[in-house]
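Asks: Per the working numbering, the sequence shown starts with residue 127, numbered consecutively.
C-beta atoms are modelled at their ideal positions from N, C-alpha and C, and glycine is treated no differently.
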Amino acid sequence: MVRKVVAKKRAPAVVPPLKLPEAGVALALSVADRVRLRQQAHRLDPVVLMGQSGMTDALLLEIERALRAHGLIKVKASGVDTAEARSALANTLAQRLSAACVQQIGKILVLYRPR
Numbered sequence: 127m128v129r130k131v132v133a134k135k136r137a138p139a140v141v142p143p144l145k146l147p148e149a150g151v152a153l154a155l156s157v158a159d160r161v162r163l164r165q166q167a168h169r170l171d172p173v174v175l176m177g178q179s180g181m182t183d184a185l186l187l188e189i190e191r192a193l194r195a196h197g198l199i200k201v202k203a204s205g206v207d208t209a210e211a212r213s214a215l216a217n218t219l220a221q222r223l224s225a226a227c228v229q230q231i232g233k234i235l236v237l238y239r240p241r
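1. Of the choices A158, R194, G205 and L186, whose alpha-carbon is the least far from that of T218?
2. Just list the residues that DSSP pairs Q165 with in beta bridges.
3. Can you tell me whether A225 is helix, strand or coil according to DSSP?
4. Assuming A226 contacts A220 under a Cβ cut-off of 8 angstroms, what Cβ separation, rounded to an integer in Å, is found between them?
5. Would a C-beta distance cut-off of 9 angstroms place L155 and L198 closer than the cut-off?
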């Protein structure tokens with residue numbers, strides 16, 4: 127006697143749309159936490175590339191998505207020319223996304239937010 131096994135169909139999971147976060151407060155990291163996170167970030171590649179358009183809503187959503195998925199990310203800010211502007215961008219991103227700017231080397235920013 128052979129039994130047929132019928133798989134039940136499941137409804138696809140509904141994922142709510144990602145919204146821009148409200149501006150918050152940048153996280154403060156201790157020196158030991160910053161050193162540990164810099165060590166972890168060393169092997170990472172940039173997951174978000176920022177172009178000539180600057181800081182747009184789409185860029186913020188992509189960084190938010192990456193922070194939710196990974197917690198520790200690198201952002202390459204190619205569209206920003208001066209070091210002062212990149213530093214201001216890092217601080218703005220950290221405040222806007224309630225994250226911490228771990229490190230900034232050249233055009234690479236390292237952001238962290240606990241998952």
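Replies: This is what the structure holds:
1. If you number the sequence shown from 1, residue 218 lands on position 92. Per the Cα distances, L186.
2. Against the sequence shown, residue 165 aligns to sequence position 39. The partner list for Q165 (beta bridge, DSSP) is empty, contrary to what the question assumes.
3. In the sequence shown, the residue the question calls residue 225 occupies position 99. Note: A225 maps to coil in three-state DSSP.
4. For the purposes of this step, residue 226 is taken as residue 100 along the sequence shown, with counting starting at 1. For the purposes of this step, residue 220 is taken as residue 94 along the sequence shown, with counting starting at 1. That pair is a contact at about 6 angstroms.
5. As a working note, residue 155 is residue 29 in the sequence shown. As a working note, residue 198 is residue 72 in the sequence shown. No; because the gap between Cβ atoms is not below 9 angstroms, this pair is not in contact.
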